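Below is one structure, written out as structure tokens; the observations come after it.
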Amino acid sequence: MRLTLRPHERVRRRPDFLEAYAQGRKHHGRFLTLFARETAAPAARLGVSATRKFGPAVTRNRAKRRARELFRHHRLLPGVDLVLIPRRGFDSAAFPLLVSDYLAALRRLRVALVPARDSRA
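Residue numbers (the numbering used here): 360 to 480.
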């Protein structure tokens, strides 16, 4: 299993972030704010926006790593851009709490996950 996101799996350009904010659906969770925008991209993409207001660089980078891990473990169907903005406590909350908040946000935004493969097969 790859531990990194490939370039085509990342939202990197400012116009893409701005389009997600302007045209995407939004959900405020306990630990995150999530924007979802449908696209014609061949893969689902993730962008994380952690501003200096969130904390020092160490805290922001930890939040970004945790966000990428959420995205990596819960694959989405192609054609969606997600922009995640971490909220207070995102960097220190227990990971299962983040998972439940993230999945609840995806359900609320009607974003489809890739069906899980049966590991016994």
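Where is the CB? At the ideal position from N, CA and C, for every residue including glycine. The structure presented is a predicted model; accordingly, all values stated were derived computationally and were not measured.
Same chain, Cβ closer than 8 Å to residue i, five either side skipped, listed in chain order
i: Leu435; result: Ala403, Leu441, Leu465, Val470, Ala471, Leu472, Val473
i: His433; result: Val458, Tyr461, Leu462, Leu465, Leu472
Cβ distance (whole Å) where residue i is taken to contact residue j below 8 Å
i: Leu443; j: Ala426; result: 5 Å
i: Glu397; j: Gly448; result: Between Gly448 and Glu397 the Cβ distance is about 29 Å, and since that is not below 8 Å, they are no contact.
Cβ pair residue i, residue j closer than 8 Å
i: Leu364; j: Arg424; result: no
i: Phe413; j: Leu456; result: no
i: Leu393; j: Val370; result: no
i: Ala422; j: Ala409; result: yes
i: Arg373; j: Leu468; result: no
Reduced DSSP category for residue i - H, G, I as helix; E, B as strand; rest coil
i: Leu393; result: strand
i: His386; result: strand
Close-in-space but distant-in-sequence residues of the same chain around residue i (CB under 6 Å, 5 per side omitted)
i: Glu368; result: Ala402, Arg404
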